[in-house]
Amino acid sequence: MINLLMLTPALYMLQVYDRVITTGSRETLLLLTLAVLFLFIVMGLLEGVRARVLVRVGNRLETRLDEGLHQSMVARALRQATPSAWPLDDLAALRQALAGGGLVALFDTLWVPLYLALLFLFHPWLGTFALLSGCVLLLLLLLAERLTRGLLQAAGNEQATARGRVETHLRHAEVLQGMGMGPALGRRWRGDQRRCQAAQSRASDRAGLLSGLTRVLRLLFQSLILGLGALLVLDEQITPGMMIAASILMGRALAPVDQMASHWRDLVNARSAYHRLQRLLADGEPEGERMALPRPAGRLVAEAVTAGPPGSREPVVRGVSLAIAPGEQLGVIGPSASGKSTLVRVLLGIWPAQVGTVRLDGADIARWDREALGPHIGYLPQDIELFDGTIAENIARFGEVRSERVIAAARRAGLHETVLRLSDGYDTRLSAAGSELSTGQRQRLGLARALHGDPVLVVLDEPNANLDLEGERALSRSLQRLREEGVSLVVVSHRTGVLRQVDTLLVMEDGRVALNGPRDRVLARLAASRQQAPGGDAP
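Residue numbering for the sequence shown follows the numbering used here, starting at 22 and increasing by one per position.
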């Protein structure tokens with residue numbers, strides 16, 4: 022309707038010149054003017070409706086993509102060492118493009134043949150001139166796309182790199198400030214920014230030049246068609262009203278090309294964002310709803326597992342086999358870089374196994390639905406990550422906060438008394454960094470989160486690294502209670518205190534199992550090896 026109503030100025034001009042002026046009828050002029058006024062009011066209302074519809078289309082797109090995008094970003098973060106939130110920028114660019122003038126120009130382009138057809142009805146020369154003018158502007162538009170596409174892609178890549186680095190800097194701001202690394206890393210980041218700006222400037226220069234040329238040529242062609250129309254009027258092939266209407270119609274026919282030239286950069290960025298989001302969503306697309314499995318008992322088996330960080334071809338863990346019965350407690354020890362943390366991630370299904378399989382109650386743990394399996398798993402990583410929310414929400418894993426469960430988990434981790442001393446207790450709000458708590462308190466909070474609910478398998482990676490004597494005692498009590506409840510446990514530690522009550526001990530060395538067996542026998546063999554080694558050092 023809007024594009025049909027765009028014919029109003031041309032038709033009004035045609036009627037005024039060919040009817041009102043020739044007849045001198047004021048009544049005809051009044052009625053034509055009232056009709057045109059009404060049609061312009063309708064067009065204005067429809068323009069407002071279209072703008073509102075496009076905004077809501079963008080919002081609907083974002084709403085429909087939000088859940089899948091978040092899942093895909095999490096899946097991508099597990100595969101990459103430096104995850105970034107750039108997909109959110111791409112989603113915003115796509116939403117803005119849907120509500121912007123570029124998309125409207127694309128819609129309006131579909132109506133260009135109608136305007137050209139009317140010009141051909143006025144006179145073939147008018148239609149031919151307008152068609153050739155449109156082809157010239159279209160060629161300029163395609164040339165602009167070809168000249169700026171590579172530069173805009175390069176600028177986008179540089180911008181993503183710069184953003185990823187600054188996100189890393191912000192996550193480790195304490196280290197930067199403490200060791201004076203901020204200026205050096207800041208210079209590195211500014212170098213990324215300058216490269217991004219240079220690519221964007223070159224693309225903008227080229228696009229601006231071609232956009233200005235397109236605008237000038239459109240105005241020139243619109244003026245030249247008046248000269249052509251005047252020539253036809255002098256030859257009495259068309260009327261003066263047709264001459265004026267032809268100029269207006271040609272301006273309307275060429276306007277979408279001019280608008281696309283003005284919004285070309287936004288359209289190119291939106292197209293690139295669309296393709297990046299499409300690839301991201303395809304990579305993280307869920308395999309479909311899986312049949313629910315019964316609550317696991319906690320039997321964990323690793324069958325000749327070889328694995329490494331996602332994307333790395335070099336395995337860190339090689340040929341590891343182990344079995345943990347429900348309620349059994351396994352301790353994992355070994356020197357740094359021996360593959361302990363990698364093994365933990367593979368046992369939990371966080372990282373996929375390159376060779377072999379990890380099974381929980383006989384089912385491949387990578388095939389379990391993570392949302393269904395999560396409540397049955399407790400995990401405390403080396404680096405404690407807290408999230409923006411209250412202490413209770415962090416302990417409850419941002420699910421339903423049931424006071425008795427939250428407090429029970431806090432008591433088991435030796436955190437309850439500490440929380441009570443805080444001004445807002447369990448309602449104390451934490452930032453994502455958890456800077457409101459000490460390192461030991463954050464580790465206890467992570468332990469409480471791992472013990473929340475009724476997990477059947479608990480994996481603790483260096484759980485006592487930052488605990489004081491009281492925290493060690495609370496951890497020891499928690500491990501004893503897990504044994505009484507029949508919970509399977511895997512605990513990685515360099516400190517022997519937490520290993521005194523495990524049933525079996527696994528020693529990792531260079532990614533392989535060096536020793537595995539009952540705790541006392543493994544410790545005895547380690548002691549014997551230490552005595553036999555030159556200088557008394559452990560192998």
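All C-beta atoms in this analysis are idealised placements derived from N, C-alpha and C, irrespective of residue type, glycine included.
Inset, instruction - Give every residue of the same chain whose Cβ lies closer than 7 Å to the Cβ of T49, excluding the five residues on either side of it in the sequence, and list them in chain order. - result: As a working note, residue 49 is residue 28 in the sequence shown. The answer, listed in chain order, is R40, V41.
Inset, instruction - Go through its chain and collect everything with a Cβ distance to G319's Cβ below 6 Å, but skip five positions before and after it. - result: Residue 319 sits at position 298 when you count from the first residue of the sequence shown. Answer for G319: P347, V477, L478, S509, listed in chain order.
Legend entry - Nearest-angstrom Cα separation, counted from L206 out to L606: Past the boundaries of the shown model lies residue 606; the chain is included only from 22 to 560, so the question cannot be answered.
Legend entry - Simplified DSSP state of D256, which is helix, strand or coil: Translated into the one-based positions of the sequence shown, residue 256 becomes position 235. Note: D256 maps to coil in three-state DSSP.
Legend entry - According to DSSP, residues forming a beta bridge with P539: Here residue 539 is taken as the residue at index 518 of the sequence shown, counted from 1. BP columns for P539 point to T525.
Legend entry - E324, DSSP secondary structure in three states: In the sequence shown, counting from the first residue as 1, residue 324 sits at position 303. Three-state result, E324: strand.
Inset, instruction - Could you check the C-alpha separation between D448 and T169 for me, to the nearest Å? - result: Here residue 448 refers to the residue found at position 427 when the sequence shown is read from its first residue. Here residue 169 refers to the residue found at position 148 when the sequence shown is read from its first residue. Each residue's Cα considered, the two are about 53 Å apart.
Legend entry - Residues sharing a beta bridge with Q350, DSSP: Start at 1 with the first residue of the sequence shown, and residue 350 comes out as number 329. For Q350, which the question treats as bridged, DSSP gives the partners L510.
Legend entry - Contact with chain D by L52, beta-carbon distance below 8 Å: Judged by its chain identifiers, the structure shown contains no chain D, having just a single protein chain.
Inset, instruction - Find out if the Cβ-Cβ distance for the pair G377, V326 is shorter than 8 Å. - result: Numbered from its first residue, the sequence shown carries residue 377 at position 356. Numbered from its first residue, the sequence shown carries residue 326 at position 305. The answer is yes: Cβ separation under 8 Å.
Inset, instruction - For the alpha helix (DSSP H) containing V357, list its first residue and its last residue. - result: For the purposes of this step, residue 357 is identified with residue 336 of the sequence shown, where counting begins at 1. First, the residue type needs correcting, since residue 357 is Ser and not Val in the sequence shown. No alpha helix (DSSP H) contains S357, which DSSP labels as neither H nor E.
Inset, instruction - Report yes if the CB atom of R366 is closer than 8 Å to the CB atom of V322, and no otherwise. - result: Mapped onto the sequence shown, residue 366 falls at position 345. Mapped onto the sequence shown, residue 322 falls at position 301. Cβ distance not < 8 Å, so R366 and V322 don't count as in contact.
Legend entry - Residues bridged to I398 [DSSP beta-bridge criterion]: Residue mapping note: residue 398 aligns to position 377 of the sequence shown, counting from 1. BP columns for I398 point to L478.
Legend entry - N- and C-terminal bounds of the alpha helix (DSSP H) containing M374: Locating residue 374 in the sequence shown gives position 353, where the first residue counts as 1. The question names Met, but residue 374 is Ala in the sequence shown. Run containing A374: none; DSSP gives neither H nor E here.
Legend entry - Assigned secondary structure, L451 (DSSP; H/G/I helix, E/B strand, else coil): Position 430 of the sequence shown, counting from 1, holds the residue named residue 451. Reduced to three states, the DSSP call for L451 is strand.
Inset, instruction - State buried or exposed for V37, treating a residue as buried only when at least 16 other CB atoms are found within 10 Å of its CB. - result: As a position in the sequence shown, residue 37 is number 16, starting the count at 1. V37 comes out buried.
Inset, instruction - Assign G79 to one of three DSSP states: helix, strand, or coil. - result: Residue 79 sits at position 58 when you count from the first residue of the sequence shown. Looking at G79 - three-state DSSP - the assignment turns out to be helix.
Legend entry - Enclosing beta strand (DSSP E) for R339 [first to last residue]: On the sequence shown, position 318 is the one that residue 339 refers to. Here the beta strand (DSSP E) through R339 covers 338-345.
Legend entry - For G446, the nearest candidate out of L230, S333, G410 (CA to CA): Within the sequence shown, the letter at position 425 stands for residue 446. The shortest C-alpha to C-alpha distance from G446 to any of L230, S333, G410 is the one to G410.
Inset, instruction - Assign N623 to buried or exposed, taking buried as 16 or more other Cβ atoms, counted over all protein chains shown, within 10 Å of its Cβ. - result: With the chain covering only 22 through 560, there is no way to say anything about residue 623.
Legend entry - Reduced DSSP secondary structure (H/G/I, E/B, other) of R380: If you number the sequence shown from 1, residue 380 lands on position 359. DSSP places R380 in strand when its eight states are reduced to three.
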